[in-house]
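Going down the list, the protein sequences come from chains Y and S.
According to the working numbering, the stretch in the first sequence is residues 2 to 306, in order.
According to the working numbering, the stretch in the second sequence is residues 878 to 1089, in order.
The structure under discussion appears below in the form of structure tokens.
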Amino acid sequence: MDNIGVIISLILIFGGLVALFYGSLKGREVDRRIIFLFIFLAVAAPILFPMTFEEKATQVVKSVFDKVENLPEGSTVLLSFDFDPAMAPEVQPMANAISRHCLEKGHKIIFMSLWATGQALLSQSLSESILPGFPEKQNLVDYVSIGYKAGNEGVPNVIITDIQKMFPTDVNSVPLDSIPIFDNIESCKDLDFIVSFGGGKPGPKEWILFVGDPGGVPIGVGVAAVVAPQMYPYLPDQVIGILGGVKGAAEYESELIRVHPKFADMDTPGLLMMGPQTLAHVVIMAFIVIGNVVFFRGRRREKKE
Amino acid sequence: MEHFAIWIAAFLTLGIVSFLYKDNAWYKLCEAIFVGISAGYWFVVLFWDNLHGKFWMGKGEDPMLYVGAILGILMLMRLIPKIGWISRWPLAFIVGATAGFYLINYFSSDVMSQVGSTVMPFFSTGYGSGVNASLYDIIGNIVVAVGTFTGLVYFYFSKEHKGAFGATAKVGIFFLMVTFGASFGYTVMSRMSLLIGRVDFLFGDFLGMIVQ
């Protein structure tokens, strides 16, 4: 049923594009609402009839994966959920995948957020996606959420020297000095790895500026695609790897399943979103071609007249 | 209750999307709800986290917090036109403190480290590591060096862009175009992800057409 749906959708979309291209050769312009309709179809069809593609982790994503994979068991990793609901569709899948990977490898995780909205999304991720797969993991022993603290870039600037100064307790008001994870952790300099998920300010850039560079702490970033190009100049000296948008999430999920087959049954929103992404990109490229054909034909006609 | 929330979310999503057809009252209503809820949400968050959580709970331990509180009150003076000029003092403090706060870190991370990563030997992966670069690394190092140099030439406007200088600047434009193209591609991917998220919500949570 799914395959038939995929075939019918593809025929509908590409048939329509061919018809529009033919119209553009005759100099017919395309109404912008037609473009919206095609984008909607390109996104909706692979959601209704799942269309997945094989993903292979590129080096920038694999660097983050390998870092988590090769850290000794019991290492302490800080994961910062610095995003809001608008960024969640592309950033939350990668945050969930890395969290699962850390728990699977036996690392201790400190969850936090520099965004007020991030704390709610963090709680949602923990209760709905991350922890159900690890019933044996204990709060305060294997992971802890210290939540959100106001102060923007001031927060990483303080916790680079003293975490308790900014976070005296975790989200449930348990004092940090009574939490086993913090037995040997006084500041961010004592952490083995930090990953910031976000795309706004404060976010990954602030972690690089105020913690990674001055403290020499390895930083990985998972960012919304729109800011990924701004992160590349920091590779490889200031950040060890980048997960850029939903493609980065899909690559990480695919690598996680390849190395740890037990995750084959986990939800993989990153991989599932690559179907609509790919089809929508093909449609956009087709419209770029159609737009150029209309433009050049129109210009040639004007010259003739 | 959850069903009610899903219906509201669907109503608002469809209302915002309806703008793609044309501006309409439904869209305007959803936009106004979004603006109002955002303002209210941030007011509550900032009140409990900053005023209550930081100042009220911490004022006994750190008297310096009173300085911040006074500056905050001075900022409100702009509501009284006669003494509105007083609000420039806390504003000046914020501008100066933020500039100073960022200066060192930006200079160290965004200038010195970036220059260090750019000025690389072509045939090695780092300083003092000998000739150990792969062909991929060598090509990468050359592209970075050529791109940086020609890009800088393009932004040098004290000399007319003619002859060899102009040709170098044109190569710089090429690199800039590739950068903008990559940036645009990533932006499209980002925006598509948002659309996918909403369409997934409409077909899944709202209409129940997606079987997990």
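A virtual CB, placed ideally from N, CA and C, is assigned to each residue, including glycine.
Fair warning: this is a prediction, and the values are worked out from it, not measured in the lab.
Remark: C-beta atoms of residue 103 of chain Y and residue 62 of chain Y do not approach each other more closely than 8 Å.
In this structure, DSSP gives residue 997 of chain S a state outside helix and strand, which the three-state scheme calls coil. DSSP places residue 192 of chain Y outside both helix and strand once states are collapsed to three, so it counts as coil. Going by DSSP, residue 144 of chain Y is part of the beta strand (DSSP E) stretching over 144–149. Taking a cut-off of 8 Å for Cβ pairs, the segment 978–992 of chain S and the segment 234–243 of chain Y touch, as three or more such pairs fall below it.
Interface residue (Cβ-Cβ distance to chain S less than 8 Å): residue 91 of chain Y is classified as such.
Just so you know, the alpha carbons of residue 202 of chain Y and residue 306 of chain Y end up roughly 53 Å apart. 8 Å or more divides the Cβ of residue 199 of chain Y from the Cβ of residue 47 of chain Y. Within the segment 887–970 of chain S, the complete alpha helix (DSSP H) segments at least 4 residues long are 902–923 and 941–952, listed from N- to C-terminus. For residue 114 of chain Y, the uninterrupted beta strand (DSSP E) run begins and ends at 109–114, by DSSP. In this structure, the beta-carbon distance from residue 116 of chain Y to residue 168 of chain Y does not fall below 8 Å. Along the segment 206–234 of chain Y, the alpha helix (DSSP H) occurs as fully enclosed runs of 4 or more residues at 229–232, listed in sequence order. By the beta-carbon neighbour count (other beta carbons within 10 angstroms, threshold 16), residue 160 of chain Y is buried. In the structure shown, residue 82 of chain Y adopts extended strand secondary structure according to DSSP, grouped into three states. Neighbours of residue 245 of chain Y across chain S, judged by C-beta separation under 7 Å: 1063.
Bounds of the alpha helix (DSSP H) holding residue 1043 of chain S are 1040–1078. For residue 1051 of chain S against residue 1019 of chain S, the beta-carbon gap comes to about 15 Å, at or over 8 Å, which does not count as contact.
Annotated as proximal: residue 1066 of chain S and residue 247 of chain Y, with beta-carbon spacing under 8 Å. When Cβ-Cβ separations below 8 Å define contact, residue 1076 of chain S makes contact with chain Y. Here residue 176 of chain Y carries a strand assignment [DSSP, helix/strand/coil]. Ranking Y/149, Y/107 and Y/242 by CA distance to the CA of residue 142 of chain Y puts Y/107 first. Of all residues in the segment 887–905 of chain S, the ones placed with a Cβ closer than 8 Å to any Cβ belonging to chain Y are 897 and 898, in chain order. At a C-beta separation below 9 Å, residue 926 of chain S has these neighbours in chain Y: 117, 149, 150, 151 and 152.
Look at the segment 928–941 of chain S: the residues with a C-beta under 8 Å from a C-beta of chain Y are 930 and 931. Between the alpha carbons of residue 895 of chain S and residue 51 of chain Y lies a distance of about 26 Å.
One Cα belongs to residue 1034 of chain S, the other to residue 1042 of chain S, and the distance between them is close to 11 Å. Secondary structure of residue 975 of chain S (DSSP, three-state): helix.
In its chain, beyond the 5 residues on either side, 1042 have a beta carbon closer than 8 Å to the beta carbon of residue 1036 of chain S.
Among the residues of chain Y, none has a CB under 9 Å from the CB of residue 988 of chain S; the nearest is roughly 11 Å distant. Our two residues, residue 194 of chain Y and residue 889 of chain S, have alpha carbons roughly 40 Å apart in a direct line. Within 10 angstroms of the beta-carbon of residue 944 of chain S lie fewer than 16 other beta-carbons, which makes it exposed. Contact of residue 1080 of chain S with chain Y by beta-carbon distance below 9 Å involves 45, 48 and 49. For residue 1039 of chain S, the number of other beta carbons within 10 angstroms of its own is below 16, and it is reported as exposed. Cβ-Cβ separation between residue 109 of chain Y and residue 75 of chain Y: approximately 7 Å, consistent with a contact (criterion under 8 Å). Residue 208 of chain Y sits buried, since 16 or more C-beta atoms from the chains shown fall within 10 Å of its C-beta. A direct Cα-to-Cα measurement between residue 154 of chain Y and residue 212 of chain Y gives close to 10 Å.
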